[in-house]
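Engineer: One structure, as structure tokens, below. Some questions next.
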Amino acid sequence: MHMADALLSPAVGATMWATTAVALAASARRVRENGEDRLVPLMGVLGAFVFAAQMINFAIPATGSSGHIGGGLLLSILLGPAAAFVVIASVLSVQALFFADGGLLALGANIFNLGVFPCFLAYPLVYRAIARPGATGARVGVAAVLAAVFGLQLGALGVVMQTVASGISSLPAGPFLWLMLPVHLAIGVVEGLATAALVLFIRRARPDLVERGVASAGKASPIRPLATALALAAAVTGGVLPWFASAQPDGLEWSVERVAGGATVPAPENGVHERLARLQDRVAGMPDYEPPSGARTTGDAPAWPAVNPGKSLAGLVGGFATLLLVTLAALALRHRR
Amino acid sequence: MSRVEAALRDLRLADTLAARDTPLARIDARAKVVVTLAFLVAVVSFDRHAVAALLPFALYPAVLAVRGDVPARWLGRKLLIAAPFAVAVGLFNPLLDRAPMLAIGDATLSAGWVSFASILVRFALTVAAALAVVAGTGMHTLCAALGRLGAPRIFTAQLLFLYRYAFVLGGEASRMGTARMLRGGARAPSLAVYGALAGHLLLRAFERAERIHRAMVARGFDGEFRSLRAARWTGADTAFVAGWCGYFAAARAVDIPQGLGRLLTAGIP
């Protein structure tokens, strides 16, 4: 459930980057202040473990499919939330850089969805509340499953909010949520079971290792980075979502209206888009929107970009010509080397 | 071969690509980071129905790939592997957004298909640029640049450790998988067996981390990675940043393909 650059608007991407950067800086400071610098090699190896463990799958009974661990929750249990957040951020960065999972602009959103939720919410509020030190195996299992489900549901909600707030995809929030939440409920249960199996194994083999996270989490509460991140997220929700909510009716109604083809489309009109569009109009010297020509476009709200055969043809021909030019430039460069 | 195994092989290839001395590798990594961020912001700031207007931006990844000698086939394969999520979500656009938008003669194309095409173009541009920069720079140089641009030191050290040990533990995990398969068949193991398998991998990881830490401290490691290739900002780097940012600004402000198309189709009524 990696968020992708292609679905993100600059405003949402930048806000999530800023939020994540603050949480990351706070976590890095926490790790250093606690004198956990010596943890750095361990953190690196555990990050590589999360990565490698995705190669080992287990069978999910009666479904024929298989699952593996997600990472955020396990790392929090082993390292404590602050160090775990730094590790999960690095895992997602490597995935974004080398495997194009997500993308660079979406990296902030992805670290937020898959890092902040499991490390700073699911672990302290759910896992630690249920599985106190010395809890029975069953209790650890329940705690891990509930925490994994909780974290992933929040993560899926994050993906939906960021996609919808960006306005690149036409998917309305309601149906998108109906698509994402059940799927991630199932994934959460599987991930929780895998995490529990691992934690219980480690607890039997090396009890000292599992207590590390508890010890470092006890020293300083994760409240400050959490509060900062939440405040920033609240600012996003307050600043970005209202215009969106007011521009569109309830998700399902909205999609029905649009499928029926009768309604108008509110163009994404957040500040950046609008200002850049205005700049474009000024520089290009010609207004981009021509009066609606189809009878199907009714109403006086922001209308469809008009259907204009001449412009369409010019766009197609020009597009191909541009691609041709880019290819030629690349070939010429290659030739020169 | 599993997806992660394939990913590791790709990672190793990216590492080999980045180790070479190409014109792209000689540009300061900070310049590449800054220009790539500007590129990403410019591309995603377009209207959701923009398709042709985005195409001039293909020049950046294309030039990067050529100057960095990054094989086009490798880039293409990575693009295909990464595509599913953006494509899956984008595919809803044609279903939900059916008003006509493009018309050539009698044929019309709905706004949904146009915005779907826009998502695909955005996806290809952003991912190709990121991959080309990484394959033409290398992880160590990139992390050093991130550190000098203000990323927390613990985070950049973490990235380097992760990158290095992903190969080691990945190899170990795939050997464990092979060993289990030889003894127990190709079926995925039960949850209990999984716990033991992944648990042992984790235990080995812990032990390895302890050994690594002791070995590194013995050699004077103080939390800082040092590089022999000193990064120095030159006039070429300034030109790189200024030139590309200027090009992005121009391509963002003026719809180049539209103008080109008008020019080419001027004779057609």
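For the record, the sequence lines run as chains B and G. For the numbering used here, count along the first sequence from 1 and bump the result up by 4. For the numbering used here, count along the second sequence from 1 and bump the result up by 6. Idealized CB from N, CA, C, for every residue including glycine.
1) Starting from the C-beta of G/Leu85, find all residues in its chain whose C-beta is less than 7 Å away, skip the five residues before and the five after it, and write them out in chain order.
2) Got a sec: is the Cβ-Cβ distance from G/Leu97 to anything in chain B below 7 Å?
3) In the stretch 169-195 of chain G, which residues sit with their C-beta less than 9 Å from some C-beta in chain B, listed in chain order?
4) Give the straight-line distance between the Cα atoms of B/Ala32 and G/Trp80, rounded to the nearest whole angstrom.
5) Taking 7 Å as the CB-CB limit, is G/Leu65 close to chain B?
6) Can you round the beta-carbon distance between B/Ala86 and B/Val35 to whole angstroms, since I take them to be within the 8 Å contact cut?
7) According to DSSP, is G/Leu115 part of a helix, a strand, or is it coil?
8) Using beta carbons (cut-off 7 Å, strictly below), is B/Thr326 in contact with chain G?
9) When you compare the CB of G/Thr22 with every CB in chain B, is at least one pair closer than 7 Å?
10) Runs of 4 residues minimum, wholly inside the stretch 138-191 of chain G: which ones carry the alpha helix (DSSP H) assignment?
11) Can you list, in chain order, the residues of the stretch 93-121 of chain B whose Cβ is nearer than 9 Å to any Cβ on chain G?
12) Excluding the 5 residues preceding and the 5 following G/Val139 in the sequence, name in chain order all residues of the same chain whose CB lies nearer than 7 Å to its CB.
13) Per DSSP, what are the beta-bridge partners of G/Pro106 in this structure?
14) Using CA atoms only, rank isn't needed, just tell me which of B/Ala318, B/Phe205, B/Leu335 is closest to G/Gly267.
15) If we count the other Cβ atoms within 10 Å of its Cβ and call it buried at 16 or more, is G/Thr178 buried or exposed?
16) Can you tell me where the alpha helix (DSSP H) holding G/Phe246 begins and where it ends?
17) What does B/Gly84 touch in chain G if you count any residue whose Cβ is under 7 Å from its own?
18) My output table needs one value for G/Phe52: the three-state DSSP class, helix, strand or coil.
19) Quick check on G/Thr22: buried or exposed, where buried means 16 or more other Cβ atoms within 10 Å of its Cβ?
20) Count the other CB atoms within 10 Å of the CB of G/His146; is the residue buried (16 or more) or exposed (fewer)?
21) Answer with buried or exposed for B/His339, where buried requires no fewer than 16 other C-beta atoms within 10 angstroms of its C-beta.
22) Alpha carbon to alpha carbon, what distance is there between G/Pro67 and B/Leu78?
23) By the criterion of Cβ-Cβ separation under 9 Å, what are the contact partners of G/Leu17 in chain B?
24) Scan the stretch 13-26 of chain B for residues whose Cβ lies nearer than 7 Å to a Cβ of chain G and list them as they occur along the chain.
25) Just to confirm, is the Cβ distance from B/Ala8 to B/Gly107 under 7 Å?
26) Restricting to Cα atoms, I'd like to know which of G/Ala257, G/Asp75, G/Ala58, G/Leu46 is closest to G/Ser124.
27) I need the DSSP call for G/Val57, collapsed to helix, strand or coil.
28) Distance, Cα to Cα, B/Pro176 vs G/Gly96?
Structural biologist: Once the coordinates are examined:
1) For the purposes of this step, residue 85 of chain G is taken as residue 79 along the second sequence, with counting starting at 1. Ala130, Val133, Ala134.
2) Position 91 of the second sequence, counting from 1, holds the residue named residue 97 of chain G. G/Leu97 does not count as touching chain B.
3) Tyr169, Arg170, Tyr171, Ala172, Phe173, Val174, Leu175, Gly176, Gly177, Glu178, Ala179, Ser180, Met182, Gly183, Arg186, Arg193, Ala194, Pro195
4) Sequence index remark: in the first sequence, residue 32 of chain B carries index 28 (1-based). Sequence index remark: in the second sequence, residue 80 of chain G carries index 74 (1-based). One C-alpha to the other measures close to 35 Å.
5) What you label residue 65 of chain G is simply residue 59 of the second sequence in a count that begins at 1. With 7 Å as the cut-off, G/Leu65 counts as an interface residue toward chain B.
6) On the first sequence, residue 86 of chain B is found 82 positions in, with the first residue counted as 1. On the first sequence, residue 35 of chain B is found 31 positions in, with the first residue counted as 1. That belief holds up - the Cβ atoms of B/Ala86 and B/Val35 are roughly 5 Å apart, short of 8 Å.
7) For the purposes of this step, residue 115 of chain G is identified with residue 109 of the second sequence, where counting begins at 1. Strand.
8) The residue labelled residue 326 of chain B in the question sits at position 322 within the first sequence. At least one chain G Cβ lies under 7 Å of B/Thr326.
9) For the purposes of this step, residue 22 of chain G is identified with residue 16 of the second sequence, where counting begins at 1. Taking Cβ atoms only, chain B never reaches closer than 7 Å to G/Thr22, which makes this a no.
10) 145-154, 159-190
11) Ala93, Ser94, Val95, Ser97, Val98, Gln99, Ala100, Leu101, Phe102, Phe103, Ala104, Asp105, Gly106, Gly107, Leu108, Leu109, Ala110
12) As a working note, residue 139 of chain G is residue 133 in the second sequence. Excluding positions up to five away in sequence, the list reads Lys38, Thr42, Leu70.
13) Sequence index remark: in the second sequence, residue 106 of chain G carries index 100 (1-based). Bridge partners of G/Pro106: G/Ser116.
14) Along the second sequence, one-based indexing puts residue 267 of chain G at 261. Checked all of B/Ala318, B/Phe205, B/Leu335; the closest Cα to G/Gly267 is B/Ala318.
15) Here residue 178 of chain G is taken as the residue at index 172 of the second sequence, counted from 1. It should be pointed out that residue 178 of chain G corresponds to Glu in this sequence rather than to Thr. Classification for G/Glu178: buried.
16) The count along the second sequence starts at 1 and reaches residue 246 of chain G at position 240. Looking at the DSSP string, the run of the alpha helix (DSSP H) that includes G/Phe246 is 241-259.
17) If you number the first sequence from 1, residue 84 of chain B lands on position 80. Correct list: empty, because the minimum Cβ distance to chain G is about 14 Å.
18) For the purposes of this step, residue 52 of chain G is taken as residue 46 along the second sequence, with counting starting at 1. The answer is coil: DSSP assigns G/Phe52 none of H, G, I, E or B.
19) As a first step, residue 22 of chain G is located in the second sequence; it is residue number 16 there, counting from the start. With fewer than 16 Cβ atoms within 10 Å of its Cβ, G/Thr22 is classed as exposed.
20) The residue you call residue 146 of chain G lines up with position 140 of the second sequence. Buried, because 16 or more other Cβ atoms sit within 10 Å of the Cβ of G/His146.
21) Stepping through the first sequence from its first residue, residue 339 of chain B is reached at position 335. It counts as exposed.
22) Here residue 78 of chain B refers to the residue found at position 74 when the first sequence is read from its first residue. Here residue 67 of chain G refers to the residue found at position 61 when the second sequence is read from its first residue. Their backbone Cα atoms lie some 37 Å apart in a straight line.
23) Locating residue 17 of chain G in the second sequence gives position 11, counting from the first residue. Here the neighbours are Val98, Phe102, Phe103.
24) Ser13, Pro14, Gly17
25) Start at 1 with the first residue of the first sequence, and residue 8 of chain B comes out as number 4. Start at 1 with the first residue of the first sequence, and residue 107 of chain B comes out as number 103. Yes. Within cutoff.
26) Within the second sequence, numbered from 1, the residue matching residue 124 of chain G stands at position 118. When only C-alpha atoms are compared, the closest one is G/Ala58.
27) Taking the first residue of the second sequence as 1, we reach residue 57 of chain G at position 51. Of the three classes helix, strand and coil, the one that applies to G/Val57 here is coil, per DSSP.
28) Position 172 of the first sequence, counted from the start, is the residue given in the question as residue 176 of chain B. Position 90 of the second sequence, counted from the start, is the residue given in the question as residue 96 of chain G. If I take the Cα positions, the gap works out to 12 Å.
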